[in-house]
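These notes concern the structure reproduced below.
So, in structure tokens, the structure goes:
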């Protein structure tokens, strides 16, 4: 091979001479040829920055940088960063990590971790050129490096801390995070993530980082139209293409032809003569020697589709003459809430207001695209490597499609690069398994970003009519809501999501008379399913907008109106549940109000023009919210866990519960540490393997800390009792005299190593292991009264915005966020959840809109979905409110969703207070604001 066909690159100090591959991007060279998988590909569009590496001293986006252009270059990736500079330790030693890597760990900037290599490498380039950057300079440098977990404030602080260490040679200055007011020895204290080192060094393994020998690559032929009948499907040309190993259609499925989390209505593959319901419907699947050949094969598949009318919104879907999308019609569920007599309530009202609000589809935009790898074991079992939020559900659905018992399928969960509810449904798991079974070879099915955007379920778009009645003093007498929810082509979790939207649609208020009706409708849009907030985000926007309008109508302070009606201990919710404990809403309101008044000079809702720039107007907005913890509604809610003492004296916690970046391993680790009286570093956590871990249930509904946390607490307690009993018997001492300290047991003045104890027990045939299945408190179905949920989290938020009346641009300057979390198990992880939820809320309020027209996806590139970057980061003032719930582990309840729910209406209410324009649709981007301001001016 001549020199023109050779590449020479030096990567992390090592020189490689490689053959040139036409069209290869630098990211592929690094990941697949050099096996440096720390560099991630999230978009393939040069849009998100996850793939950033340093080339000749400058940051480049390796997913769009031709490998041929790197010839002769010196390249630094995340794997090589720690070799450049170590970090001083407080004890005078050295930590073998670059200060940026160490500060990202200590500050909690690492969540799912998928974007972290890009964040760190971009930050490294910044500090090379600007050793002491300001916050604005950091934001500018990282403006194109996206993080959907969105702990942007923590990332900024971590960069500042690393810069200081690089300048001074001193250890990383510690972050300012308060421990829980209910802290124990470990619970409630600041703890770093156990997986953080792997994530900041590029050693963390996500599904696409795995390569098996002789592995095939899969692609899926999609319908491409939203509604029709598949009349003909010809795959013979694709099968004959050299390099193609298999092409499968619906007639090749050996088992059940439909999948679904609740209702199996989603076709694995649409067969000839069957109905196409959305653009992402799968018609055929291909496995080939390379991804490129598989893609070529898709183009050779010929499909004839008879078009049908498109039902593109839920109001149209409910009409009698609408096309029936499913054989039972277009109504998935009519959800009803009734309390008191709403007509009587309106008769008692002095003021009645009514308005309709709209929320759009949103995409989860997790950084890691969906990826599944399937392979047959020598024994004939099917193994699926995947990042899934519900591993045991995956196992069930794959087994049913293959027509085999569940024990013939193993789901081996991998690190998940973000989920937010978007990785609960089946994506590529079944398709990969079918191809692996057909070929006898491992098969990887990786979605590109376009496929991810088209296929996976979205947030439900809604139309919500709100009617409220109130006395002149502000006391609510009645609330009536009518919701139309777009669940798309398939059920997914639509019934569950829209039930939460309905039951929460009158807000966190005690209202004597409530009537709510929700029509969850099938349409030809992409399916809608679980998404952080789980329906409550939509209804909170509507009711909290209406509460502000009501306050203005009654000339009552917006905060006072909410105080007057807020749920408290003893209140009865709109579903008839009496709240007996852990209702911190009033404290959240009062603490946010106090801070807002302090920052605004006591006049937060009066617009103020910026001195010297009168076209810039500032004001505050306020909103509250609540969200259930756990599945509720009568659903059995349980989780299993095991805790084992191993031969080396360390412990392992095991549960199938999924880690998406929310920090579950840390939570389970510190809960076990507290019960066992062992330092968290003595405990590791194994998750998401259906062979090795008990079923922890779905990672949804803010349930894992409560339900799996309780399972781990009880299992750890049982193991400690088992160990105590063993020692008491062996050494003939009363159990109460035995104490456990790090790695040791103290018995009658002696110290027994836990490794020795484990060896003794194993040799005598006793396993030093305890398992526990925790059942959450029973709940009752909607409509039966009683406890529909076993706990609620509460929140209040205030947002200060600045509106540019010339351009319509809105900046969120400050957010004050109070959350009643029960007990903060890990305050560092809690901070990340608060920041991430707030940034996502800013995006939902101002920029994010997943656009679908006549069932066709317009937002089919990440560049077309305006998720917030670090430049939108405001000052975030977190307030942790702790009203422990008696059944929760150490008093904890859910937090992952409540952090988002009040953000959107707090911002939209602030915009109204600033410029007098109220919006009933989100997002309220600057074009809409400018148009509304012009219309307002013209009408004066």
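In my numbering, the protein residues as written are 63 to 1002. Ideal placement from N, C-alpha and C gives every residue a C-beta, glycine not left out. Note that the structure is predicted; figures quoted are calculated from it, not measured.
message: Can you look up residue 731 in the DSSP assignment and give me helix, strand or coil?
response: Mapped onto the chain shown, residue 731 falls at position 669. Three-state DSSP puts residue 731 in a helix.
message: Please classify residue 238 as buried or exposed, where buried requires at least 16 neighbouring CB atoms within 10 angstroms.
response: Translated into positions along the chain shown, residue 238 becomes position 176. So residue 238 counts as exposed.
message: Quick check on the burial criterion: 16 or more other C-beta atoms within 10 angstroms. Buried or exposed for residue 975?
response: By one-based count along the chain shown, residue 975 stands at place 913. By the beta-carbon neighbour count (other beta carbons within 10 angstroms, threshold 16), residue 975 is buried.
Cβ-Cβ distance between residue 477 and residue 266 below 8 Å: Residue numbering aside, residue 477 sits at position 415 when the chain shown is read from its first letter. Residue numbering aside, residue 266 sits at position 204 when the chain shown is read from its first letter. Residue 477 is a Cβ neighbour of residue 266, given a cutoff of 8 Å.
- prompt: Terminal residues of the continuous beta strand (DSSP E) containing residue 835?
  reply: Here residue 835 corresponds to residue number 773 of the chain shown, with the count starting at 1. Here the beta strand (DSSP E) through residue 835 covers 831-837.
query: Taking the runs of the beta strand (DSSP E) that are 3 residues or longer, which of them lie wholly in the stretch 756-832?
result: 801-803, 806-809 and 812-815
message: Nearest by alpha-carbon distance to residue 845: which of 635, 836, 988 and 962 is it?
response: To locate residue 845, count along the chain shown from 1; it is residue 783. It is 635 whose Cα lies nearest to the Cα of residue 845.
- prompt: Looking at residue 357 and the ligand ZN, is the gap between the Cβ and the nearest heavy atom below 7 Å?
  reply: Only the bare structure without any ligand can be found here, which leaves the ligand ZN out of the picture.
- request: Kindly indicate which three-state DSSP category residue 396 falls into: helix, strand or coil?
  value: Locating residue 396 in the chain shown gives position 334, where the first residue counts as 1. Assignment of residue 396 by DSSP, reduced to helix, strand and coil, places it in the strand class.
message: Based on DSSP bridge pairs, tell me the residues matched to residue 642.
response: Taking the first residue of the chain shown as 1, we reach residue 642 at position 580. Its beta-bridge partners do not exist; DSSP assigns none.
message: Which residue wins for smallest C-alpha separation from residue 109, given the options 208, 175, 181 and 67?
response: Within the chain shown, the letter at position 47 stands for residue 109. Checking every option, the nearest Cα to that of residue 109 belongs to 208.
Assigned secondary structure, residue 108 (DSSP; H/G/I helix, E/B strand, else coil): The sequence position of residue 108 within the chain shown is 46, counting from 1. Coil.
- prompt: Nearest-angstrom Cα distance between residue 63 and residue 273?
  reply: Locating residue 63 in the chain shown gives position 1, where the first residue counts as 1. Locating residue 273 in the chain shown gives position 211, where the first residue counts as 1. Reliability fails at residue 63, whose pLDDT of 40 lies under 50, so the model's placement of it is uncertain and the value that follows must be treated cautiously. Using only the alpha carbons, I get a separation of about 27 Å.
message: Using the Cβ count rule (16 or more neighbours within 10 Å means buried), how would you classify residue 993?
response: Locating residue 993 in the chain shown gives position 931, where the first residue counts as 1. With fewer than 16 other CB atoms across the displayed protein chains lying within 10 angstroms of its CB, residue 993 is exposed.
message: At the level of alpha carbons, what is the spacing between residue 365 and residue 296?
response: Position 303 of the chain shown, counting from 1, holds the residue named residue 365. Position 234 of the chain shown, counting from 1, holds the residue named residue 296. Residue 365 and residue 296: Cα-Cα distance of roughly 6 Å.
field: Cβ neighbour criterion (16 or more within 10 Å) applied to residue 79
entry: Working through the chain shown from its first residue, we reach residue 79 at position 17. That one is exposed.
Residue of 404, 161, 803 and 457 minimising C-alpha distance to residue 753: Within the chain shown, the letter at position 691 stands for residue 753. Nearest of 404, 161, 803 and 457 to residue 753, Cα basis: 457.
query: Between residue 475 and residue 749, is the Cβ-Cβ spacing less than 8 Å?
result: Locating residue 475 in the chain shown gives position 413, counting from the first residue. Locating residue 749 in the chain shown gives position 687, counting from the first residue. The Cβ atoms of residue 475 and residue 749 sit closer than 8 Å to each other.
field: Residue nearest to residue 898 in terms of C-alpha spacing, selected from 934, 915 and 755
entry: By one-based count along the chain shown, residue 898 stands at place 836. Here the closest residue by C-alpha is 934.
- prompt: Residue range of the beta strand (DSSP E) that residue 855 falls in?
  reply: Translated into the one-based positions of the chain shown, residue 855 becomes position 793. Segment 854-866, the beta strand (DSSP E) holding residue 855.
field: Burial state of residue 377, where buried means 16 or more other Cβ atoms lie within 10 Å
entry: Residue 377 sits at position 315 when you count from the first residue of the chain shown. Exposed, by the Cβ-count rule.
task: Have a look at residue 177 and residue 923 and give me their C-alpha separation to the nearest angstrom.
output: In the chain shown, the residue the question calls residue 177 occupies position 115. In the chain shown, the residue the question calls residue 923 occupies position 861. Each residue's Cα considered, the two are about 18 Å apart.
query: Which residue from 515, 843 and 651 puts its Cα closest to that of residue 918?
result: Here residue 918 refers to the residue found at position 856 of the chain shown. Here the closest residue by C-alpha is 515.
task: Locate the beta strand (DSSP E) running through residue 583, then write down its first and last residues.
output: Sequence index remark: in the chain shown, residue 583 carries index 521 (1-based). Start and end: 576-583.
- prompt: Since residue 276 sits in a beta bridge, which residues does DSSP pair it with?
  reply: The residue labelled residue 276 in the question sits at position 214 within the chain shown. Beta-bridge partners of residue 276 (DSSP): none assigned.
query: Can you check whether the CB of residue 886 is closer than 8 Å to the CB of residue 242?
result: Counted from its first residue, the chain shown places residue 242 at position 180. Counted from its first residue, the chain shown places residue 886 at position 824. Contact flag set, yes.
- prompt: Helix or strand or just coil, what does DSSP make of residue 118?
  reply: What you label residue 118 is simply residue 56 of the chain shown in a count that begins at 1. Three-state DSSP puts residue 118 in coil, outside helix and strand.
Check whether residue 300 and residue 387 have beta carbons under 8 Å apart: Mapped onto the chain shown, residue 300 falls at position 238. Mapped onto the chain shown, residue 387 falls at position 325. No, they are not a contact pair.
Residues near residue 1004 in its chain [Cβ-Cβ closer than 8 Å; skip 5 each side]: With the chain covering 63 to 1002 only, the question about residue 1004 has no answer from this structure.
- request: Output the distance between the C-alpha atoms of residue 1022 and residue 106, rounded to the nearest integer angstrom.
  value: There is simply no residue 1022 to check, as the chain begins at 63 and stops at 1002 in what is shown.
Sequence ranges, alpha helix (DSSP H) only - wholly within the stretch 935-980, length at least 4: 965-977
field: Closest Cα partner of residue 321 within the set 331, 314 and 313
entry: Start at 1 with the first residue of the chain shown, and residue 321 comes out as number 259. Restricting attention to 331, 314 and 313, the CA atom closest to the CA of residue 321 is found in 331.
message: Closer than 8 Å is the cut-off here; do at least three beta carbon pairs connect the stretch 542-551 with the stretch 617-634?
response: no
query: Taking Cβ to Cβ, would you say residue 654 is nearer than 8 Å to residue 645?
result: If you number the chain shown from 1, residue 654 lands on position 592. If you number the chain shown from 1, residue 645 lands on position 583. Contact: no.
field: Interface flag, residue 886 vs chain C, CB-CB below 8 Å
entry: Here there is only one protein chain, and chain C is not present.
- prompt: Of the residues 289, 158, 306 and 191, which one's Cα is nearest the Cα of residue 259?
  reply: On the chain shown, residue 259 is found 197 positions in, with the first residue counted as 1. Considering only alpha carbons, the answer is 158.
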